[in-house]
Every structure is written in structure tokens, then in C-alpha cells.
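Colleague: Numbering (full-length UniProt numbering), first residue to last: 1 to 292. Don't be surprised by glycine CBs; every beta carbon is placed ideally from N, CA and C. None of these values were measured; they are calculated from a predicted model.
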């Protein structure tokens, strides 16, 4: 099985990345972007663009959650909870949710704004301060993919430890795509094997496909980028002006494309057979086997 070539990242670089992300998160206008989607989603992209991906990611999340069954009264761990959007959604279904994140300021804000709905704690996924077999369900939505590979292994081991026998783990992570800065994806088979080694066995998986039109639109951005380097100051000023204009053109083009993509997105979720689609993210539901 061919593996994805992963970039090297030190632990200090890893924590620096997350701290910079948390700083941006705390600077957001939370009246406009209540969930912090412009930071935890596609950073630097408009809110309406990130809302599209959040909407359909949630549909895939809810479809996998149905396989868990009634979540009311169940103890759930939200790993890398950020601003608490997944914690809130789980709590709204009656779950007793504990959200963890390494960002102290984010956790303090969550306690202040959302504390009545969920519990929040400053904690790293690779060092969980909970007794064995505490939770009925653990969830991670595009969080483990941002951990260096050695940290991923420790985190999965810890997640398995704190989940009850016959408890479940639901993840949505990047699959079958090249590694990016601060992103460490795996092929489907690799994710499944990483969890299997820690006594977590696959119950269900699903490719997360949003809309082929979105990828088509992204291709336009590549066409608008300058094709050669500019060295003189006048040239640099000229290309900067052109890039600002190109950015406006791109988002003007993408806005109607995203609107059209909503009905196509529903087709991808509910009607198009999985064998016909190629995805950059996947949903997985694992069960912890008892007696091992």
C-alpha cells in the first residue's frame, strides 16, 4: 500500500501553529462569525464559503451519528473542540459533552459563553486526564489530521483508553490527499489500521464529497496566479495590484458557484453511490471491542 509522504514537523512548531490559530480565533468579530469558521475552516476565505463546507460536513457527521443511536444522556468527548460548534450540536441532542482543546483562551471563552451546555477543559489529545473507559463516544472533526504522525499515534491510543468497551469513536479527517503544511492526512486504509491497532474497529466509513463545481472554481484561482517571478519594485507593485484584482474576480465568480453547489451537495450526500466519488475527506465510525 503506497503511503502519503509526510512533512517533518517538530513539536514546538506544532504548538506554535495552534497558538497562532487560537490568537486569530480570539481576534474574530464573534457577532459576525459566531462559530469561528473563517479560522477553523478555510482560513482567509469568506464566511459564506466556509458556511457551505460546515453545512455539509455537519450532514455527514449527523449521518454517522445516526449509526451510534440515541445520544441522549451519553458521555461524549469532543477532541480539539475549538469554539465549541460540535460540542453544542451534540449537547443539543442531549449528550453530556466535555470539550477539550490546548487553547486556554478559547476554553475560557467557551466556559463563559457556552458553559451551561457543555464542560470545557484545557487538555491535549495525546495526554488525556480522564480515567479509563469514561466516555460512550469520542469525536474528532478535522483535528487529528493536524497532529504530527507520532502525536497522532499517541492521541489514538489515549482516545481508545478513555472510551468505554463497545463505545464509539467518530472522526472526520483528510484522506487520500497530499500532505500540506501542518496537515498530515492518511489513506483510508491507513486511518483504519491506525485505529485497529488500538482496539478500535471500523463500523462504517463514508467519503465526504461536497460538489465538483467547487473544485472547478478552485482551478480558476490557479489560472489567475502570476506565472513568473518579479524582481523590481515597480513589477512587484504591479503584480500586487493584479493579485488584488484577481482575488476579487475569483470570489465574484465563486459566490454563485457555491449557491448552485448546495443542491449538488445534497445529491452527493444522499443519492450518488460512494463508489463513483473521489473525496479529500472521509467520515469513520469505530467501535472499541470489549475483553481485549
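Starting from residue 200, follow its DSSP beta bridges and name the residues at the other end.
Modeller: The count along the chain shown starts at 1 and reaches residue 200 at position 200. Paired residue(s): 288.
Colleague: Which residues in the same chain have their Cβ closer than 7 angstroms to the Cβ of residue 2, if we skip the five residues on either side of it in sequence?
Modeller: Taking the chain shown and counting its residues from 1, the one referred to as residue 2 is at position 2. In this prediction, residue 2 has a pLDDT of 49, which is less than 50 and means its spatial position is unreliable; what the coordinates show is noted afterwards. Non-local C-beta neighbours of residue 2 in its own chain, meaning closer than 7 angstroms and more than five positions away in sequence, are absent.
Colleague: Could you pull the DSSP bridge partners for residue 174 from this structure?
Modeller: As a position in the chain shown, residue 174 is number 174, starting the count at 1. According to DSSP, residue 174 bridges with 281.
Colleague: Hey, how far is the Cα of residue 270 from the Cα of residue 59?
Modeller: Taking the first residue of the chain shown as position 1, residue 270 is located at position 270. Taking the first residue of the chain shown as position 1, residue 59 is located at position 59. Going from the Cα of residue 270 to the Cα of residue 59 covers about 10 angstroms.
Colleague: Using the beta-carbon count (16 or more within 10 Å), is residue 110 buried or exposed?
Modeller: Residue mapping note: residue 110 aligns to position 110 of the chain shown, counting from 1. Looking at its Cβ environment, which holds 16 or more other Cβ atoms inside 10 Å, residue 110 is buried.
Colleague: Which of the three DSSP states, helix, strand or coil, is assigned to residue 209?
Modeller: Within the chain shown, numbered from 1, the residue matching residue 209 stands at position 209. Three-state DSSP puts residue 209 in coil, outside helix and strand.
Colleague: I need the straight-line Cα distance from residue 49 to residue 119, nearest angstrom please.
Modeller: Counted from its first residue, the chain shown places residue 49 at position 49. Counted from its first residue, the chain shown places residue 119 at position 119. Approximately 30 angstroms, taken between the alpha carbons.
Colleague: Assuming the contact rule is C-beta atoms closer than 8 angstroms, residue 97 and residue 76 should be a hit. Round their C-beta distance to whole Å, please.
Modeller: Translated into the one-based positions of the chain shown, residue 97 becomes position 97. Translated into the one-based positions of the chain shown, residue 76 becomes position 76. With 8 angstroms as the limit, residue 97 and residue 76 qualify as a contact, their Cβ atoms being about 5 angstroms apart.
Colleague: At a cut-off of 7 angstroms, is residue 269 close to the ligand SAM when judged by its beta-carbon and the heavy atoms of the ligand?
Modeller: Ligands in the displayed structure: none, and consequently the ligand SAM is not present.
Colleague: For residue 173, tell me which candidate among 250, 124, 281, 207 has the shortest Cα-Cα distance.
Modeller: Numbered from its first residue, the chain shown carries residue 173 at position 173. Cα-wise, what sits closest to residue 173 is 281.
Colleague: Taking the alpha carbon of residue 117 as the reference point, which residue from 159, 73, 199 has its own alpha carbon closest?
Modeller: Numbered from 1 along the chain shown, position 117 holds the residue referred to as residue 117. Minimum Cα distance to residue 117 is reached at 73.
Colleague: Roughly how many angstroms lie between the CA atoms of residue 278 and residue 207, to the nearest whole one?
Modeller: Along the chain shown, one-based indexing puts residue 278 at 278. Along the chain shown, one-based indexing puts residue 207 at 207. Residue 278 and residue 207: Cα-Cα distance of roughly 7 angstroms.
Colleague: Identify the continuous beta strand (DSSP E) that holds residue 310 and give its terminal residues.
Modeller: The requested residue 310 is not part of the displayed model; the chain covers only 1 to 292.
Colleague: Quick one: grab the DSSP three-state call for residue 272.
Modeller: In the chain shown, counting from the first residue as 1, residue 272 sits at position 272. The answer is coil: DSSP assigns residue 272 none of H, G, I, E or B.
Colleague: Three-state secondary structure (DSSP) at residue 2?
Modeller: The count along the chain shown starts at 1 and reaches residue 2 at position 2. Residue placement at residue 2 is poorly supported in this model, since its pLDDT is 49, which falls under 50; the coordinates are not used for a value here.
Colleague: In angstroms with no decimal places, state the Cα-to-Cα distance between residue 56 and residue 265.
Modeller: Position 56 of the chain shown holds residue 56. Position 265 of the chain shown holds residue 265. Approximately 7 angstroms between the Cα atoms of the pair.
Colleague: Can you give me the start and stop residues for the alpha helix (DSSP H) that residue 96 sits inside?
Modeller: Along the chain shown, one-based indexing puts residue 96 at 96. Element bounds for residue 96: not the alpha helix (DSSP H) but the beta strand (DSSP E), 96 to 101.
Colleague: For residue 298, which of 148, 62, 195, 215 has the nearest alpha-carbon?
Modeller: In this structure the chain extends from 1 to 292, so residue 298 is not present and cannot be described.
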